[in-house]
Amino acid sequence: MELAGQATFSEIVARYQKDIYLWALDLTGTREDAEDLAQETFIKVHRSMSRFRGDSKWSTWIFRIARNTYLDRLKTARHKMRVLETAMPENPDKQSHLMQLKPLHDPEQHILNDSLQKDLEHALNNLSQLQREVFVLRHYHGFKLREIGDILNRSEGTVKTTLFRAIQNLRAALSDHVAISPEVS
Amino acid sequence: MVHCELFEKMAPLYIYGDLKGAELAAYRNHLEACEVCSSGCHAMAETLKLMDKRVLQVPSEAFFESFEQKLMAEIQIQDQKAAKKGQWLWIGQGLLAAALLVTAILLGPTIFTPNGNQGVVSLIQDTPQASFSSQANHYVTRSKTLLIGLVNMELESNTSPNLDLSLHRTMSRQLVSEASYLRENYPQQAKGRLLELINELEVIFLQIAHLESKGSIEGLQLIRDGVSNSDLLLKINLEQLQPSLQPASSRDAAL
Numbered sequence: 005m006e007l008a009g010q011a012t013f014s015e016i017v018a019r020y021q022k023d024i025y026l027w028a029l030d031l032t033g034t035r036e037d038a039e040d041l042a043q044e045t046f047i048k049v050h051r052s053m054s055r056f057r058g059d060s061k062w063s064t065w066i067f068r069i070a071r072n073t074y075l076d077r078l079k080t081a082r083h084k085m086r087v088l089e090t091a092m093p094e095n096p097d098k099q100s101h102l103m104q105l106k107p108l109h110d111p112e113q114h115i116l117n118d119s120l121q122k123d124l125e126h127a128l129n130n131l132s133q134l135q136r137e138v139f140v141l142r143h144y145h146g147f148k149l150r151e152i153g154d155i156l157n158r159s160e161g162t163v164k165t166t167l168f169r170a171i172q173n174l175r176a177a178l179s180d181h182v183a184i185s186p187e188v189s
Numbered sequence: 000m001v002h003c004e005l006f007e008k009m010a011p012l013y014i015y016g017d018l019k020g021a022e023l024a025a026y027r028n029h030l031e032a033c034e035v036c037s038s039g040c041h042a043m044a045e046t047l048k049l050m051d052k053r054v055l056q057v058p059s060e061a062f063f064e065s066f067e068q069k070l071m072a073e074i075q076i077q078d079q080k081a082a083k084k085g086q087w088l089w090i091g092q093g094l095l096a097a098a099l100l101v102t103a104i105l106l107g108p109t110i111f112t113p114n115g116n117q118g119v120v121s122l123i124q125d126t127p128q129a130s131f132s133s134q135a136n137h138y139v140t141r142s143k144t145l146l147i148g149l150v151n152m153e154l155e156s157n158t159s160p161n162l163d164l165s166l167h168r169t170m171s172r173q174l175v176s177e178a179s180y181l182r183e184n185y186p187q188q189a190k191g192r193l194l195e196l197i198n199e200l201e202v203i204f205l206q207i208a209h210l211e212s213k214g215s216i217e218g219l220q221l222i223r224d225g226v227s228n229s230d231l232l233l234k235i236n237l238e239q240l241q242p243s244l245q246p247a248s249s250r251d252a253a254l
């Protein structure tokens with residue numbers, strides 16, 4: 005249920021913390037990072053909620069803040085990575101640094117044991133970043149195309165095409181699990 | 000097949016129930032007519048059903064209670080930090096203001112001496128890039144202003160003791176000091192007429208500087224006669240016509 009225009013910060017946290025956490029988990033891939041990202045998102049919401057003009061829904065606005073925060077963090081991580089590469093050009097452990105800074109999307113251990121879950125995560129992780137974001141926002145968070153466009157700063161047409169391609173790719177990746185044979189995407 | 004390209008991207012919208020009205024009717028009609036699109040749409044729907052089986056790693060309620068508490072604590076810490084930062088900003092601004100005040104108090108007497116002349120000279124001397132001609136031009140212009148003011152002063156309406164010459168005296172003292180400086184730095188190749196004018200003006204300014212601040216009508220009249228007899232204003236005008244004394248901008252314009 006969407007909150008009304010005049011909402012308190014506590015109401016906002018209570019209503020959206022789960023959604024934002026799950027969105028952050030999808031973006032970052034680890035619980036710790038997801039919690040940090042969700043916390044930073046709500047801190048930013050707290051600072052700037054007086055400027056919320058009600059042009060969009062609270063959910064769209066907060067998801068956009070979360071994504072921008074994630075992109076900022078990614079930029080910082082990439083910058084750090086470049087600094088590390090410059091500082092240690094011959095470091096044999098460079099790859100391990102790369103692995104630490106790259107967003108991880110490995111499922112939890114107990115999920116790994118389940119073949120279907122593993123394939124679902126694998127299919128989702130093989131999508132491009134944009135396809136993944138569009139699909140997750142539409143399928144798991146129920147946003148309309150226009151709202152997804154607002155969150156991702158893309159046109160509705162781009163979102164529509166991206167969603168179509170994302171599902172085509174999922175269908176190809178999960179052909180073993182889908183009864184109907186896949187068409188070429 | 001052209002129709003298929005138009006309709007295929009509508010499949011996700013149809014499955015999610017986002018198609019309405021005419022679009023929905025048109026898409027349904029197409030599905031009924033096109034087996035390929037119908038099959039494709041069905042496969043997409045199956046894929047999405049499969050994606051519904053993805054287990055989301057939703058934490059427990061306890062996690063979110065703890066999350067909210069940690070969030071509020073973090074916000075409080077950041078608010079306190081911001082408040083402290085604001086305090087330091089105020090303190091910093093206060094210290095800066097105090098430092099500026101002290102600097103002004105210390106530098107004030109150096110620049111603005113009680114008799115108000117040494118400072119002017121020191122300012123002139125502190126600007127090495129200022130050419131002699133521009134300083135001389137400045138001196139002559141101010142001299143002219145002072146003398147015109149004195150010559151045109153209506154003595155009838157400024158009878159003693161209401162005649163106030165303090166401003167004239169102060170300005171004269173400054174000009175005496177500047178005359179001294181200009182004489183010392185007078186370029187060898189320059190014409191002597193300007194030097195003579197400076198010397199004559201200095202005499203007049205010394206007389207003005209030594210007038211009594213109030214009620215010196217007779218002394219003032221003597222000075223005015225002196226200015227008139229020695230054609231000082233005419234000499235100033237003639238000197239100002241010299242190219243060497245004209246401001247750079249005027250010379251450029253003339254060229």
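In order, the protein sequence lines correspond to chains A and B. Residue 5 is where the first sequence starts when you use the numbering used here, and the numbers rise one by one after that. Residue 0 is where the second sequence starts when you use the numbering used here, and the numbers rise one by one after that. In this text, a Cβ means the ideal position worked out from N, Cα and C, and glycines have one as well.
Contact list for Glu-67/B against chain A, beta-carbon separation under 7 Å: Along the second sequence, read from residue 1 onward, the residue named residue 67/B stands at position 68. Those are Val-17 and Gln-21, listed as they occur along chain A.
Asp-163/B - DSSP class collapsed to helix/strand/coil: Numbered from 1 along the second sequence, position 164 holds the residue referred to as residue 163/B. If DSSP states are grouped into helix, strand and coil, Asp-163/B belongs with the strands.
Exposed unless 16 or more other CB atoms sit within 10 angstroms - verdict on Gln-113/A: The sequence position of residue 113/A within the first sequence is 109, counting from 1. Because Gln-113/A carries a pLDDT of 48, less than 50, the predicted location of this residue cannot be relied on, and the following value inherits that uncertainty. Classification for Gln-113/A: exposed.
Residues within the segment 71–99 of chain B neighbouring chain A, beta-carbon criterion of under 7 Å: Within the segment 71–99 of chain B, the residues whose Cβ lies closer than 7 Å to some Cβ of chain A are Glu-73, Ile-74 and Gln-77, listed in chain order.
Unbroken alpha helix (DSSP H) run spanning Leu-240/B, endpoints: Counting from 1 along the second sequence, the entry for residue 240/B is found at position 241. Here the alpha helix (DSSP H) through Leu-240/B covers 231–240.
Whole-Å CB distance - Trp-62/A paired with Ala-11/A, under 8 Å assumed: In the first sequence, residue 62/A corresponds to position 58, counting from 1. In the first sequence, residue 11/A corresponds to position 7, counting from 1. Confirmed, Cβ separation roughly 6 Å.
Cα-Cα separation, Cys-33/B to Met-43/B: Against the second sequence, residue 33/B aligns to sequence position 34. Against the second sequence, residue 43/B aligns to sequence position 44. C-alpha of Cys-33/B to C-alpha of Met-43/B: approximately 15 Å in a straight line.
Option nearest Leu-194/B by Cα separation, candidates Ala-82/B, Ala-208/B and Asn-136/B: Counting from one through the second sequence, the residue named residue 194/B turns up at place 195. If we check each option's Cα against that of Leu-194/B, Asn-136/B comes out closest.
Buried or exposed by the 16-neighbour rule on C-beta atoms within 10 Å, applied to Glu-94/A: Start at 1 with the first residue of the first sequence, and residue 94/A comes out as number 90. With a pLDDT of only 49 at Glu-94/A, under the threshold of 50, the placement of this residue in the model should not be trusted; the figure read from the coordinates follows. Glu-94/A should be labelled exposed.
Rounded C-alpha distance that separates Arg-223/B from Gly-191/B: In the second sequence, residue 223/B corresponds to position 224, counting from 1. In the second sequence, residue 191/B corresponds to position 192, counting from 1. In this model, Arg-223/B and Gly-191/B are separated by some 25 Å (Cα to Cα).
Of the residues Lys-79/A, Lys-48/A, Asp-30/A and Leu-149/A, the one placed nearest Leu-258/B, counting alpha carbons only: This structure cannot settle anything about residue 258/B, because the visible part of chain B is limited to 0 through 254.
Contacts around Ala-186/B, its chain only, beta-carbon distance under 8 Å, and the 5 residues preceding and following it disregarded: Sequence index remark: in the second sequence, residue 186/B carries index 187 (1-based). The displayed chain sequence assigns Pro, not Ala, to residue 186/B. Counting only residues of its own chain and dropping the five nearest sequence neighbours on each side, Pro-186/B has a CB closer than 8 Å to the CB of Phe-131.
Buried/exposed call for Gly-39/B, threshold 16 Cβ in 10 Å: Counting from one through the second sequence, the residue named residue 39/B turns up at place 40. Buried, by the Cβ-count rule.
Length of the line joining the Cα atoms of Asp-163/B and Lys-83/B: Within the second sequence, residue 163/B is the residue found at index 164, counting from 1. Within the second sequence, residue 83/B is the residue found at index 84, counting from 1. Each residue's Cα considered, the two are about 56 Å apart.
Nearest to Ile-14/B (by Cα), restricted to the options Ile-155/A, His-143/A and Asp-154/A: Sequence index remark: in the second sequence, residue 14/B carries index 15 (1-based). If we check each option's Cα against that of Ile-14/B, His-143/A comes out closest.
Extent of the continuous alpha helix (DSSP H) to which Leu-191/B belongs: Position 192 of the second sequence holds residue 191/B. Looking at the sequence shown, residue 191/B is not Leu but Gly. Boundaries of the alpha helix (DSSP H) harbouring Gly-191/B: 191–208, taken from the DSSP string.
Per-residue DSSP class, three states only, for His-145/A: Indexing the first sequence from 1 puts residue 145/A at position 141. In the structure shown, His-145/A sits in coil (DSSP, three-state: anything other than H, G, I, E or B).
Proximal chain A residues relative to Tyr-26/B, where beta-carbon distance stays under 9 Å: Along the second sequence, read from residue 1 onward, the residue named residue 26/B stands at position 27. Within chain A, no C-beta atom comes less than 9 Å from the C-beta of Tyr-26/B; the nearest is roughly 13 Å away.
Between the CA atoms of Gly-93/B and Leu-100/B - distance to the nearest angstrom: Against the second sequence, residue 100/B aligns to sequence position 101. Against the second sequence, residue 93/B aligns to sequence position 94. Their Cα atoms are separated by approximately 11 Å.
Below-7 Å beta-carbon distance, Leu-49/B vs any chain A residue: For the purposes of this step, residue 49/B is identified with residue 50 of the second sequence, where counting begins at 1. By the rule that beta-carbons nearer than 7 Å mark a contact, Leu-49/B touches chain A.
Which of helix, strand or coil DSSP assigns to Pro-96/A: Translated into the one-based positions of the first sequence, residue 96/A becomes position 92. In this prediction, Pro-96/A scores a pLDDT of 42, lower than 50, which makes its location untrustworthy; the coordinate-derived value is nonetheless stated afterwards. Reduced to three states, the DSSP call for Pro-96/A is coil.
Cutoff 6 Å; reference Ile-76/B; Cβ partners in own chain excluding five residues on either side: On the second sequence, residue 76/B is found 77 positions in, with the first residue counted as 1. In its own chain, leaving out the 5 sequence neighbours on each side, no residue places its CB closer than 6 Å to the CB of Ile-76/B.
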